[in-house]
Structure formats: structure tokens, C-alpha cells
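In UniProt numbering, the protein residues as written are 1 to 147.
Okay, structure coming up:
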């Protein structure tokens with residue numbers, strides 16, 4: 001896939017991320033989701049092990065790996081399947097993607113936005129403003145933009 005700035009796609013992703021941002025970022029249980037769901041279902045580690053083709057000790061070790069953040073997505077998905085759950089993986093930006101691009105552009109060029117583009121990203125998301133923004137950043141060396 002060719003790497004290029006696509007402001008329409010950035011705006012669309014920003015809207016989608018707003019929905020995810022409404023969730024609590026620190027909502028993960030201290031002991032991890034696998035153990036929390038397993039216990040809520042009243043399922044023993046032995047039962048989960050049987051459903052996943054593992055040992056009970058292996059399940060407990062993987063629950064600990066999830067708790068300390070060292071579990072792989074593939075392994076987490078296997079455990080989730082044993083619990084009849086799905087894993088949803090997402091990178092949730094700390095700020096809007098459009099803001100990140102504007103900040104980087106300003107660092108590279110030191111330029112200010114045209115007055116029609118000043119304000120919050122919500123105001124920038126209309127097609128006319130996106131066209132103006134695309135023109136502003138057209139001279140950015142995209143290959144070196146994030147270096």
C-alpha cells in the first residue's frame with residue numbers, strides 16, 4: 001500500500017476513535033480479562049484448559065502473562081475462544097490523528113494554518129477545509145515526514 005496522507009480517511013478514523021475514547025482507558029481488570037471472565041462464568045482453570053487443549057497450570061500461567069502484559073494476541077485469542085469471547089485489538093490515539101499531522105507539519109515547516117483552518121479538528125473536518133489543508137501540506141516530503 002502506498003504511504004500518503006489522506007485527510008478524509010484521517011477525519012473518518014478520528015470520528016470512529018471518538019466512540020472508543022468514550023470507554024474507560026483503564027477499564028482492564030487488575031487480574032486481566034481472561035481470569036475475570038472465567039471466574040464470572042464460574043469456570044475453573046481446568047475447564048478452560050480442556051476447552052483450549054492446554055493444562056490448567058498453562059492457563060493460570062497465561063492469565064498471569066495477560067495480567068503483566070506479556071501475552072501474545074494469538075494466545076489471548078485462543079483463551080478468548082475457549083471462553084466463547086472475541087478479542088478486539090485497537091490502537092487508540094492519545095489525540096486526534098489530524099492534530100498529530102498538523103503538529104508534525106508545523107514542526108517541519110514552522111508555518112501556521114490559514115485562518116479558515118484555525119480551531120478544533122471538528123471544525124476542520126468539512127470537505128472545503130480538508131482541501132485547503134491538503135493544499136497546505138502538498139509540499140511536505142512524505143517520505144521524511146515522520147522521521
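Even glycine gets a Cβ: it sits at the ideal position worked out from N, Cα and C.
query	result
Could you check if residue 20 is buried or exposed, using at least 16 other CB atoms within 10 Å of its CB as the buried criterion?	exposed
Short check: CB of residue 83 to CB of residue 41, under 9 Å?	yes
Quick check on residue 90: does DSSP put it in helix, strand or coil?	coil
Check whether the stretch 47–65 and the stretch 75–89 touch, using three or more Cβ-Cβ pairs below 8 Å as the test.	yes
Closest to residue 13 by CA distance: which of 30, 91, 102 and 57 is it?	91
In chain order, what residues of the same chain lie with their CB nearer than 7 Å to the CB of residue 37, ignoring the 5 residues before and after it?	83 and 85
Can you tell me whether DSSP reads residue 15 as helix, strand or coil?	helix
Consult DSSP for residue 42 and reduce its assignment to one of helix, strand or coil.	coil
Where does residue 116 sit, in a helix, a strand or coil, going by DSSP?	Bear in mind that the predicted position of residue 116 carries a pLDDT of just 47, short of 50, making it unreliable; the figure below should be weighed with that in mind. Three-state DSSP puts residue 116 in a helix.
Is the beta carbon of residue 58 less than 9 Å from the beta carbon of residue 50?	no
Candidates 104, 79, 53 and 8: which alpha carbon is nearest residue 33's?	79
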